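What follows is one structure encoded as structure tokens, with my remarks underneath.
2 protein chains.
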Amino acid sequence: MAGTRLDPIDRKILAELQADGRMTNVELAKRVGISAPPCLRRVRTLEESGYIRGYHANVNARELGFEVQVFAMVGLASQAESDLTAFEEKCRNWPLVRECHMLNGEVDFLLKCVAPDLSSFQSFLTGQLLTTPNVESVKTSLVIRPAKDEPGVPFDVLESRLKNAP
Amino acid sequence: MAGTRLDPIDRKILAELQADGRMTNVELAKRVGISAPPCLRRVRTLEESGYIRGYHANVNARELGFEVQVFAMVGLASQAESDLTAFEEKCRNWPLVRECHMLNGEVDFLLKCVAPDLSSFQSFLTGQLLTTPNVESVKTSLVIRPAKDEPGVPFDVLESRLKNAP
DNA sequence: TCTGAAACGCATGCTCT
DNA sequence: AGAGCATGCGTTTCAGA
Numbered sequence: 001m002a003g004t005r006l007d008p009i010d011r012k013i014l015a016e017l018q019a020d021g022r023m024t025n026v027e028l029a030k031r032v033g034i035s036a037p038p039c040l041r042r043v044r045t046l047e048e049s050g051y052i053r054g055y056h057a058n059v060n061a062r063e064l065g066f067e068v069q070v071f072a073m074v075g076l077a078s079q080a081e082s083d084l085t086a087f088e089e090k091c092r093n094w095p096l097v098r099e100c101h102m103l104n105g106e107v108d109f110l111l112k113c114v115a116p117d118l119s120s121f122q123s124f125l126t127g128q129l130l131t132t133p134n135v136e137s138v139k140t141s142l143v144i145r146p147a148k149d150e151p152g153v154p155f156d157v158l159e160s161r162l163k164n165a166p
Numbered sequence: 001m002a003g004t005r006l007d008p009i010d011r012k013i014l015a016e017l018q019a020d021g022r023m024t025n026v027e028l029a030k031r032v033g034i035s036a037p038p039c040l041r042r043v044r045t046l047e048e049s050g051y052i053r054g055y056h057a058n059v060n061a062r063e064l065g066f067e068v069q070v071f072a073m074v075g076l077a078s079q080a081e082s083d084l085t086a087f088e089e090k091c092r093n094w095p096l097v098r099e100c101h102m103l104n105g106e107v108d109f110l111l112k113c114v115a116p117d118l119s120s121f122q123s124f125l126t127g128q129l130l131t132t133p134n135v136e137s138v139k140t141s142l143v144i145r146p147a148k149d150e151p152g153v154p155f156d157v158l159e160s161r162l163k164n165a166p
């Protein structure tokens, strides 16, 4: 299951598929230094054990007509567990909300939203988010420009840590 | 190029590959209702025109040893364009910073960071981020739990908009 | 658990519509 | 621009070390 220790080849597989999720299995096998059959078995195992959650094409949101990206910081009136999960459930059902993170500190949730334009985001904000029971405060910040957007984790950091403490 | 209008089949291809980036071309062709050769040609065109930026395996950061995820809100002393790009360049070189967004409002940048544990994040914070020239204020918030994390854009929103204004 | 061989299915170029 | 066909390559199973 997810907790099985990974060997260096497994980590290399993950790093390669994070960088190029559509790489063929023979190419992957070549890069990690084993033949194709065991490489495929490892990939399947990593998928089944949850180390790999899926594969996704990264599509150009702006070209597709989603011109704005907005972060919303949400404060709730009640932070009882049932109220927290109720809000999370709401977020899962709002398609414009792509990410919802519960945070510590002043704000309860940080939401990453996309929308075709500012007015459609505003109508989501006033018509959906602000009218949700228990939502006390919402501060929104428009993304002016994205400066870095790397998926996943830095495998080089992982490897250097494992080298220093094997 | 990126600006060419997409037809419904192209949008279906993008939606399918966003949901499963490792789908075979014949499966994709079946789902979008054309035969394999033209389907593959469309995919290549979408890749070359920038509608598809890449394919990535979604790896389980926590199981890999990245236990903490932190959002950092950064304020700069000077917002001159050269100072903004200088900070962005710094972010691109910090592996723990996975996303960097320039925002409007009180805060200048929002950073999404990952780290193996709190202490390694703290040493990044005090040793790197806070010692960067021009960084005036940093407020960090730990992610207590992720409630939603969907990649990409909601294609159903796109389709319903196109239906109402074709 | 790996490698190697072999069968099968997919990717992809060509031609025709 | 899409379909059908042909072929070379990738995927996947199986046997054996």
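Protein chains in written order, with UniProt numbering: chain A, 1 to 166; chain B, 1 to 166. Just so it is clear, CB atoms sit at the ideal spot from N, CA and C, and this is done for glycine as well. These numbers were taken from a predicted model, which means no experiment stands behind them.
Asked: Interface flag, Asp149/B vs chain A, CB-CB below 8 Å; Found: yes
Asked: Whole runs of the beta strand (DSSP E) within the stretch 88 to 132 of chain B, excluding any shorter than 3 residues; Found: 97 to 103 and 109 to 115
Asked: 8 Å Cβ cutoff met for Lys112/A and Val97/B; Found: no
Asked: DSSP three-state assignment for Arg145/B, whether helix, strand or coil; Found: strand
Asked: Phe66/B at chain A interface by Cβ criterion, 8 Å; Found: yes
Asked: DSSP state of Phe71/B mapped onto helix, strand, coil; Found: strand
Asked: Cβ of Asn164/B within 8 Å of any chain A Cβ; Found: no
Asked: Every unbroken alpha helix (DSSP H) inside the stretch 14 to 92 of chain A [4 residues or more]; Found: 25 to 32 and 36 to 48
Asked: Collapsed DSSP secondary structure at Ala2/A in the structure displayed; Found: Residue placement at Ala2/A is flagged as unreliable, the pLDDT there being 45, under the threshold of 50; a coordinate-derived value is accordingly withheld.
Asked: Test: Val59/B CB closer than 8 Å to a CB of chain A; Found: yes
Asked: Chain B residues whose Cβ lies nearer than 7 Å to that of Glu27/A; Found: None at all; the shortest Cβ gap to chain B is about 13 Å.
Asked: Residue 170/A in three-state terms, based on DSSP; Found: Because chain A here runs from 1 to 166, residue 170/A falls outside it and cannot be looked at.
Asked: Neighbourhood of Glu16/A by C-beta distance below 8 Å, restricted to the same chain and skipping five residues each side; Found: Met23, Leu28, Arg31 and Val32
Asked: Opposing strand residues paired with Lys139/B [DSSP bridges]; Found: Met73/B
Asked: Which listed residue (His101/A, Arg11/A, Thr132/A and Leu6/A) has its alpha carbon closest to that of Phe155/A; Found: Arg11/A
Asked: Min CB distance Phe121/A to chain B below 8 Å; Found: no
Asked: Local conformation of Asp7/B per DSSP, three classes; Found: coil
Asked: Within-8 Å CB hit, Gly33/A to chain B; Found: no
Asked: Listed by chain order, chain B residues near residue 175/A by CB distance under 7 Å; Found: Since the first residue of chain A shown is 1 and the last is 166, residue 175/A is not available in this structure.
Asked: Cβ separation of Val143/B and Val153/A, assumed to be a contact under 8 Å, to the nearest whole Å; Found: So it is not a contact: roughly 14 Å between Cβ atoms.
Asked: Minimum Cβ-Cβ distance from Cys91/B to chain A less than 8 Å; Found: yes
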